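Everything on this sheet refers to the single structure shown next.
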Amino acid sequence: MLDKFVSALRGVTFETIHVTGHTDRLGPKAYNMTLSEHRAQAVSAWLVRTGGLPTQKIVTRGVGESAPLTGTQDCHGTKATRELIACLQPDRRVDVEVTGTRP
63 MLDKFVSALR GVTFETIHVT GHTDRLGPKA YNMTLSEHRA QAVSAWLVRT GGLPTQKIVT
123 RGVGESAPLT GTQDCHGTKA TRELIACLQP DRRVDVEVTG TRP
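63 is the number of the first residue of the sequence shown in this note's numbering; add one for each residue after it.
Written as structure tokens, this is what we have:
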């Protein structure tokens, strides 16, 4: 997905690229915050190292479990069962948003 993303940016004049890491609701909040920051940093590092994007244009942050795509009505329970972990997969993600113009 990142290869396609970098290819799509060719020729785009961009101001910033915001990279936001997320986690699911399982585990301690402090751990999830750190994990989400590490996810964002890993994607940012890839964009610079492999994608060739300028580091000064990339802003990273982690938001932990604060912006889930799933709700308690979608994924029931609090114990980390195989089913709950699979259901919460969409919450474990990194969002990348570009601000810029395409010629």
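Glycine included, each C-beta is placed from N, C-alpha and C at the ideal position. Note that this is a predicted model, so its numbers are computed, not measured.
Query                                                                     : Result
CB contact flag (T163, T75, <8 Å)                                         : yes
Opposing strand residues paired with G124 [DSSP bridges]                  : G83
Beta-carbon proximity check, H100 vs A129, cutoff 8 Å                     : no
Residue of Q151, D86, A102, L88 minimising C-alpha distance to D157       : A102
Under the three-state DSSP convention, the category D136 falls into       : coil
Rounded straight-line distance, which links the Cα of R87 to that of K141 : 11 Å
Extent of the continuous alpha helix (DSSP H) to which T96 belongs        : 91-111
Minimum Cβ-Cβ distance from I79 to chain B less than 8 Å                  : The structure shown contains no chain B; it is built from a single protein chain.
Cβ neighbour criterion (16 or more within 10 Å) applied to D153           : buried
Distance cut-off 7 Å: T117 Cβ against heavy atoms of the ligand MG        : The ligand MG is not part of the structure shown, which contains no ligands of any sort.
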